[in-house]
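Okay, so here's the structure we're looking at.
Protein chains: 2
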Amino acid sequence: MDTIVNLPKTKRGQKTLNKILKAAEELFYEKGYHSTSIIDITNKSNIALGTFYIYFKDKFNLYKYLLLIYSHEIRKAVAEKITESDSRYDKEKIGLYAFLNYMRVNKHVYNILWESLYIDKNIFVDYYESFSLRYIEGLRKSQQTGEVSEVDLTVLSYVLMGISNFIGLKYVMFENAEDVDFEAVVDSVMDILENGMFNK
Amino acid sequence: MDTIVNLPKTKRGQKTLNKILKAAEELFYEKGYHSTSIIDITNKSNIALGTFYIYFKDKFNLYKYLLLIYSHEIRKAVAEKITESDSRYDKEKIGLYAFLNYMRVNKHVYNILWESLYIDKNIFVDYYESFSLRYIEGLRKSQQTGEVSEVDLTVLSYVLMGISNFIGLKYVMFENAEDVDFEAVVDSVMDILENGMFNK
Chain A
1 MDTIVNLPKT
11 KRGQKTLNKI
21 LKAAEELFYE
31 KGYHSTSIID
41 ITNKSNIALG
51 TFYIYFKDKF
61 NLYKYLLLIY
71 SHEIRKAVAE
81 KITESDSRYD
91 KEKIGLYAFL
101 NYMRVNKHVY
111 NILWESLYID
121 KNIFVDYYES
131 FSLRYIEGLR
141 KSQQTGEVSE
151 VDLTVLSYVL
161 MGISNFIGLK
171 YVMFENAEDV
181 DFEAVVDSVM
191 DILENGMFNK
Chain B
201 MDTIVNLPKT
211 KRGQKTLNKI
221 LKAAEELFYE
231 KGYHSTSIID
241 ITNKSNIALG
251 TFYIYFKDKF
261 NLYKYLLLIY
271 SHEIRKAVAE
281 KITESDSRYD
291 KEKIGLYAFL
301 NYMRVNKHVY
311 NILWESLYID
321 KNIFVDYYES
331 FSLRYIEGLR
341 KSQQTGEVSE
351 VDLTVLSYVL
361 MGISNFIGLK
371 YVMFENAEDV
381 DFEAVVDSVM
391 DILENGMFNK
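Sequence lines, in order, name chains A and B. The first sequence begins at 1 in the working numbering and counts up by one. The second sequence begins at 201 in the working numbering and counts up by one.
Okay, structure coming up:
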């Protein structure tokens, strides 16, 4: 197979694949990628070793598939909440809130995603570069309508990704997320994005 | 010993310690923390195994000492360029520029620092939490003089750290730093921090 995953054609197969993904996710999070073997994954998901290879050529492809899922899920979580007609301001606000909520219930994503820096740096670079390119597309439209000012959109996309990722680190990973008023945090960030950090 | 490092009292000792640190840095960057043994480090730095233990109790303390050095160096690189009388605007601008320049010549720092997430998460959390607390102190002074607006300073500190870290990823790690016009990048970031991202 040439693709990273051989997708199942039956419900039963999908169930098995999901079991593999869930076990791998837990093991990668607890022990890290390098210390997790395919046998660990099949043992934990209660399937035969051979079954793993129906879906994946190796552990690396399983890992890449997990990251693909995260990237889709994050974009979906954001896209579900916004519509084309929302202003860029609303898109950023709703998007940040949706991102923080996604990370809150998927705390392992930071660990598993950033470990790519130690598994294959290209994956880490591609992840953020693709995210940035897609971001720029949307920002360009809002720049053309005049809502977004004439800033360098590559810089702006990384500014926005840096903000959401570090705000996520602080309020999802460092703090007990249950104690955080996410709406207030998002409001503070939007205030900075709207007015800058200085008094005029 | 109770401290993380037993500092040498002679120049010769300092030279040996530096050799250990340089070898560890290169190995941690190339092979990662877990795959690097103390023997790898003493072999690479051409010292006897026993000599390692004059300075460090174990590999973990050596690692913590490296992060301490990075944190001091980054703060020093920034502090050297700014003075108390600079405005907060200038402090942020000069500080971002100094940070990017430091990371440009110390590309391994991202990898070694972020690996703490997989070695001992508390180190990762402490690193950014201490950085944030120090940042907030400075921002509070600038808020008291009226230069910085009445935003939540914890949020603002993470916004600023997120920006500098992700701008660093993009223009130091992802791009060939030699081809990047760092002044233009810093100007774009400062424009966003001053005016926000929207047209008024």
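Every residue gets a Cβ at the ideal spot worked out from N, C-alpha and C, and that includes glycine.
Confirm the yes/no value for this check: CB of residue i, any heavy atom of the ligand NAD, distance under 7 Å.
{"i": "D120 (chain A)", "result": "With respect to small molecules bound, the structure shown includes none, and the ligand NAD cannot be examined in it."}
My understanding is that residue i touches residue j, with C-beta atoms under 8 Å, so please give their C-beta distance in whole angstroms.
{"i": "F182 (chain A)", "j": "L100 (chain A)", "result": "5 Å"}
{"i": "M303 (chain B)", "j": "V359 (chain B)", "result": "About 19 Å; that fails the 8 Å criterion."}
{"i": "I123 (chain A)", "j": "S157 (chain A)", "result": "That pair is no contact at about 19 Å."}
{"i": "M361 (chain B)", "j": "S332 (chain B)", "result": "7 Å"}
{"i": "E350 (chain B)", "j": "R288 (chain B)", "result": "About 14 Å; that fails the 8 Å criterion."}
{"i": "K219 (chain B)", "j": "I247 (chain B)", "result": "7 Å"}
{"i": "K257 (chain B)", "j": "I238 (chain B)", "result": "About 11 Å; that fails the 8 Å criterion."}
{"i": "L193 (chain A)", "j": "G250 (chain B)", "result": "About 56 Å; that fails the 8 Å criterion."}
{"i": "I94 (chain A)", "j": "K81 (chain A)", "result": "5 Å"}
Quick check on residue i: does DSSP put it in helix, strand or coil?
{"i": "V348 (chain B)", "result": "strand"}
{"i": "F28 (chain A)", "result": "helix"}
{"i": "F56 (chain A)", "result": "coil"}
{"i": "M1 (chain A)", "result": "Low confidence applies to M1 (chain A): its pLDDT is 45, below 50, so where it sits in the model is not reliable, and the reading given next is rough at best. In this structure, M1 (chain A) counts as coil in the three-state DSSP scheme."}
Express the C-alpha separation of residue j and residue i in angstroms, rounding to a whole number.
{"i": "M1 (chain A)", "j": "H108 (chain A)", "result": "Since pLDDT at M1 (chain A) reaches only 45, below the 50 mark, its modelled position is unreliable, and no value is offered."}
{"i": "E115 (chain A)", "j": "R275 (chain B)", "result": "26 Å"}
{"i": "L67 (chain A)", "j": "I112 (chain A)", "result": "8 Å"}
{"i": "G338 (chain B)", "j": "D320 (chain B)", "result": "29 Å"}
{"i": "I363 (chain B)", "j": "V386 (chain B)", "result": "11 Å"}
{"i": "G213 (chain B)", "j": "M190 (chain A)", "result": "52 Å"}
{"i": "Y253 (chain B)", "j": "V205 (chain B)", "result": "10 Å"}
{"i": "T203 (chain B)", "j": "Y255 (chain B)", "result": "10 Å"}
{"i": "Q344 (chain B)", "j": "E292 (chain B)", "result": "17 Å"}
{"i": "A24 (chain A)", "j": "D326 (chain B)", "result": "28 Å"}
{"i": "I167 (chain A)", "j": "E226 (chain B)", "result": "31 Å"}
{"i": "Y328 (chain B)", "j": "L369 (chain B)", "result": "16 Å"}
{"i": "N29 (chain A)", "j": "Y310 (chain B)", "result": "The question names Asn, but residue 29 (chain A) is Tyr in the sequence shown. Looking at the two C-alpha atoms, the distance is approximately 20 Å."}
{"i": "A184 (chain A)", "j": "E175 (chain A)", "result": "15 Å"}
{"i": "N243 (chain B)", "j": "Y118 (chain A)", "result": "23 Å"}
{"i": "S342 (chain B)", "j": "T83 (chain A)", "result": "39 Å"}
{"i": "N61 (chain A)", "j": "L17 (chain A)", "result": "13 Å"}
{"i": "I41 (chain A)", "j": "A277 (chain B)", "result": "45 Å"}
{"i": "K11 (chain A)", "j": "K222 (chain B)", "result": "54 Å"}
{"i": "D86 (chain A)", "j": "D179 (chain A)", "result": "30 Å"}
{"i": "L296 (chain B)", "j": "D152 (chain A)", "result": "17 Å"}
{"i": "T154 (chain A)", "j": "A177 (chain A)", "result": "31 Å"}
{"i": "V105 (chain A)", "j": "S45 (chain A)", "result": "21 Å"}
{"i": "E73 (chain A)", "j": "N365 (chain B)", "result": "24 Å"}
{"i": "S330 (chain B)", "j": "S271 (chain B)", "result": "10 Å"}
{"i": "P208 (chain B)", "j": "A298 (chain B)", "result": "30 Å"}
{"i": "K215 (chain B)", "j": "G232 (chain B)", "result": "24 Å"}
{"i": "K200 (chain A)", "j": "R340 (chain B)", "result": "17 Å"}
For a minimum of 4 consecutive residues, which ranges assigned as the alpha helix (DSSP H) are wholly contained in the segment 128-191 of chain A? Listed in chain order, the alpha helix (DSSP H) runs fully inside the segment 128-191 of chain A are 153-168, counting runs of at least 4 residues.
Would you mind listing the alpha helix (DSSP H) stretches within the segment 280-329 of chain B that are 4+ residues and don't spill past its ends, in chain order? If we require 4 residues or more, the alpha helix (DSSP H) runs fully inside the segment 280-329 of chain B come out as 288-305, 308-314, 316-319.
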